[in-house]
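One structure is given below, encoded as structure tokens.
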Amino acid sequence: MAVAEQTRHASSEGKVWGLFKSAFRNESASASSSSSMNIHHYGGNPPLPEPSHPQGSNSVSSVAKSLLPARRRLKLDPSNKLYFPYEPGKQVRSAIKIKNISKSHVAFKFQTTAPKSCFMRPPGAILAPGESIIATVFKFVEHPENNEKPVNQKSKVKFKIMCLKVAGPMDYVPELFDEQKDQVAVEQILRVVFLDPERPSPALEKLKCQLADADAAVEARKKPPEDTGPKIIGEGLVIDEWKERRERYLARQQVEGVDSA
Numbered sequence: 001m002a003v004a005e006q007t008r009h010a011s012s013e014g015k016v017w018g019l020f021k022s023a024f025r026n027e028s029a030s031a032s033s034s035s036s037m038n039i040h041h042y043g044g045n046p047p048l049p050e051p052s053h054p055q056g057s058n059s060v061s062s063v064a065k066s067l068l069p070a071r072r073r074l075k076l077d078p079s080n081k082l083y084f085p086y087e088p089g090k091q092v093r094s095a096i097k098i099k100n101i102s103k104s105h106v107a108f109k110f111q112t113t114a115p116k117s118c119f120m121r122p123p124g125a126i127l128a129p130g131e132s133i134i135a136t137v138f139k140f141v142e143h144p145e146n147n148e149k150p151v152n153q154k155s156k157v158k159f160k161i162m163c164l165k166v167a168g169p170m171d172y173v174p175e176l177f178d179e180q181k182d183q184v185a186v187e188q189i190l191r192v193v194f195l196d197p198e199r200p201s202p203a204l205e206k207l208k209c210q211l212a213d214a215d216a217a218v219e220a221r222k223k224p225p226e227d228t229g230p231k232i233i234g235e236g237l238v239i240d241e242w243k244e245r246r247e248r249y250l251a252r253q254q255v256e257g258v259d260s261a
């Protein structure tokens with residue numbers, strides 16, 4: 001009986017000691033894990049990088065690019081609207097200032113959902129860095145169906161400005177956008193807003209000023225360039241020199257006439 005009692009006592013002590021060692025090992029393992037995390041956080045050797053997946057990274061980068069806002073090459077004024085005076089049955093005008101804010105030459109062109117009733121002047125151009133132009137947009141205003149006046153309301157007609165980066169100064173041709181379709185970007189979509197021509201407003205005054213500037217620019221392009229140098233006629237005689245010779249000739253003729261008399 002004494003032997004059996006000792007055996008049970010030893011067995012119970014062994015179980016207690018085993019539980020104690022197990023708890024100690026768990027505590028040591030957690031402490032070791034915590035210390036290794038602290039070492040990594042405070043400058044220890046980082047873990048080896050996982051193998052890269054090119055396809056996954058490419059898809060992620062493409063998604064990221066699609067979420068980023070497109071880089072603007074042109075600055076528009078107005079930025080997203082075209083204001084027209086509301087005059088049913090007439091052809092009215094709007095104006096928009098386009099400036100190249102990029103570091104390269106940029107070609108732009110207009111597109112519209114109503115090509116039969118709208119046209120642009122110029123329909124497209126190439127702008128050098130920092131260069132600007134005021135484009136004029138013409139639109140025929142139809143009579144409303146229900147005699148309603150859609151002033152300050154958006155129309156179904158929309159305009160789109162497409163842009164394309166080009167290598168340098170060159171003549172504008174619409175075929176540029178067909179040859180480089182992959183590089184063409186939508187710069188802005190403009191919606192039409194009608195203004196009451198009989199009601200003064202800041203938008204209407206600004207439109208009048210821009211139209212005046214556009215007309216002045218057109219007239220300036222029509223004038224021939226001024227020639228600051230001497231004008232050449234005949235066989236290379238300068239006008240001033242020819243005039244001086246003729247005056248000397250006439251004076252000599254008068255003197256000879258007096259002498260002969």
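Residue numbers for the sequence shown follow full-length UniProt numbering, so the first one is 1 and each next one is one higher.
Backbone N, C-alpha and C define an ideal beta-carbon position, used for all residues, glycine too.
Check your understanding: K104: buried (16+ other C-beta within 10 angstroms of its C-beta) or exposed?
Key -> On the sequence shown, position 104 is the one that residue 104 refers to. Looking at the sequence itself, residue 104 is Ser, so the reference to Lys does not match. Classification for S104: exposed.
Point to revise | Closest residue to K160 among A214, Q254 and F108 (Cα-Cα distance) | key: For the purposes of this step, residue 160 is taken as residue 160 along the sequence shown, with counting starting at 1. The candidate whose alpha carbon is nearest that of K160 is F108.
Check your understanding: Which stretch, first to last residue, makes up the beta strand (DSSP E) that contains P85?
Key -> The residue labelled residue 85 in the question sits at position 85 within the sequence shown. K81 to P85 is the extent of the beta strand (DSSP E) around P85.
Check your understanding: Alpha carbon to alpha carbon, how far is E219 from P78?
Key -> Against the sequence shown, residue 219 aligns to sequence position 219. Against the sequence shown, residue 78 aligns to sequence position 78. Their Cα atoms are separated by approximately 23 Å.
Review point. Between P122, K81 and P115, which lies nearest to D215 when the distance is taken from Cα to Cα?
Key: Translated into the one-based positions of the sequence shown, residue 215 becomes position 215. Of the candidates P122, K81 and P115, the one whose C-alpha sits nearest the C-alpha of D215 is P122.
**Study point:** Distance between K156 and V193 (C-alpha atoms, nearest Å)
**Key:** Here residue 193 is taken as the residue at index 193 of the sequence shown, counted from 1. Here residue 156 is taken as the residue at index 156 of the sequence shown, counted from 1. Approximately 10 Å, taken between the alpha carbons.
**Study point:** DSSP-derived helix/strand/coil call for S33
**Key:** Numbered from 1 along the sequence shown, position 33 holds the residue referred to as residue 33. The predicted model places S33 with a pLDDT of 48, which falls under 50 and marks its position as unreliable, so this point remains unresolved.
Check your understanding: Taking C-alpha atoms, which residue in R93, S102, V166 and G124 lies nearest to K139?
Key -> Residue mapping note: residue 139 aligns to position 139 of the sequence shown, counting from 1. Answer by Cα proximity: R93.
Review point. From D196 to Y86, what distance separates their C-alpha atoms?
Key: Here residue 196 refers to the residue found at position 196 of the sequence shown. Here residue 86 refers to the residue found at position 86 of the sequence shown. The alpha-carbon atoms of D196 and Y86 are separated by roughly 6 Å.
Exercise for review: Report the three-state DSSP secondary structure of A64 (helix, strand or coil).
Suggested key: Residue mapping note: residue 64 aligns to position 64 of the sequence shown, counting from 1. In this prediction, A64 has a pLDDT of 47, which is less than 50 and means its spatial position is unreliable; nothing more can be read from the coordinates.
Check your understanding: What separation, rounded to the nearest whole angstrom, lies between the Cα atoms of P144 and K90?
Key -> Counting from one through the sequence shown, the residue named residue 144 turns up at place 144. Counting from one through the sequence shown, the residue named residue 90 turns up at place 90. Rounded to whole angstroms, P144 to K90 spans 13 Å at the Cα level.
Practice item. Tell me whether the beta-carbon of L82 lies closer than 7 Å to the beta-carbon of L190. Key: Position 82 of the sequence shown, counted from the first residue, corresponds to residue 82. Position 190 of the sequence shown, counted from the first residue, corresponds to residue 190. Cβ distance < 7 Å, so L82 and L190 count as in contact.
Point to revise | For residue 266, the three-state DSSP class (helix, strand or coil) | key: Residue 266 cannot be examined here, being either before or after the span of the chain that is shown, 1 to 261.
Exercise for review: Mind checking who A107 pairs with in its DSSP beta bridge?
Suggested key: Along the sequence shown, one-based indexing puts residue 107 at 107. Paired residue(s): I126 and L164.
**Study point:** Run of the beta strand (DSSP E) containing K223, from where it starts to where it stops
**Key:** Taking the sequence shown and counting its residues from 1, one reaches residue 223 at position 223. Counting along the chain, K223 falls outside any beta strand (DSSP E), and DSSP gives it neither H nor E.
**Study point:** Bridge-paired residues (DSSP) for S201
**Key:** Translated into the one-based positions of the sequence shown, residue 201 becomes position 201. In the DSSP output, where bridge partners are listed per residue, S201 has none listed.
**Study point:** Distance between beta carbons of A135 and I98, contact taken as under 8 Å
**Key:** For the purposes of this step, residue 98 is taken as residue 98 along the sequence shown, with counting starting at 1. For the purposes of this step, residue 135 is taken as residue 135 along the sequence shown, with counting starting at 1. Indeed, because the Cβ distance is near 6 Å, the residues count as touching under 8 Å.
**Study point:** Buried/exposed call for Q210, threshold 16 Cβ in 10 Å
**Key:** Counting from 1 along the sequence shown, the entry for residue 210 is found at position 210. Buried, because 16 or more other Cβ atoms sit within 10 Å of the Cβ of Q210.
Review point. Below 7 Å between beta carbons: does that hold for P88 and V141?
Key: Here residue 88 is taken as the residue at index 88 of the sequence shown, counted from 1. Here residue 141 is taken as the residue at index 141 of the sequence shown, counted from 1. In contact: P88 and V141 (Cβ atoms closer than 7 Å).
Practice item. Return the residue from the list V186, P169, G130 and R246 that minimises the CA-CA distance to residue 302. Key: Shown here, the chain extends from 1 to 261; a query on residue 302 therefore has no answer.
Exercise for review: Figure out for me which residue from L76, K181 and I96 has the closest Cα to the Cα of K208.
Suggested key: To locate residue 208, count along the sequence shown from 1; it is residue 208. The shortest C-alpha separation from K208 is found at I96.
**Study point:** Distance between A212 and R221 (C-alpha atoms, nearest Å)
**Key:** For the purposes of this step, residue 221 is taken as residue 221 along the sequence shown, with counting starting at 1. For the purposes of this step, residue 212 is taken as residue 212 along the sequence shown, with counting starting at 1. C-alpha separation (whole angstroms): 14 Å.
Exercise for review: If I'm right that Q180 touches L164 with Cβ under 8 Å, what's the distance once you round it to whole angstroms?
Suggested key: Here residue 180 is taken as the residue at index 180 of the sequence shown, counted from 1. Here residue 164 is taken as the residue at index 164 of the sequence shown, counted from 1. Contact flag correct, Cβ pair sits at about 6 Å.
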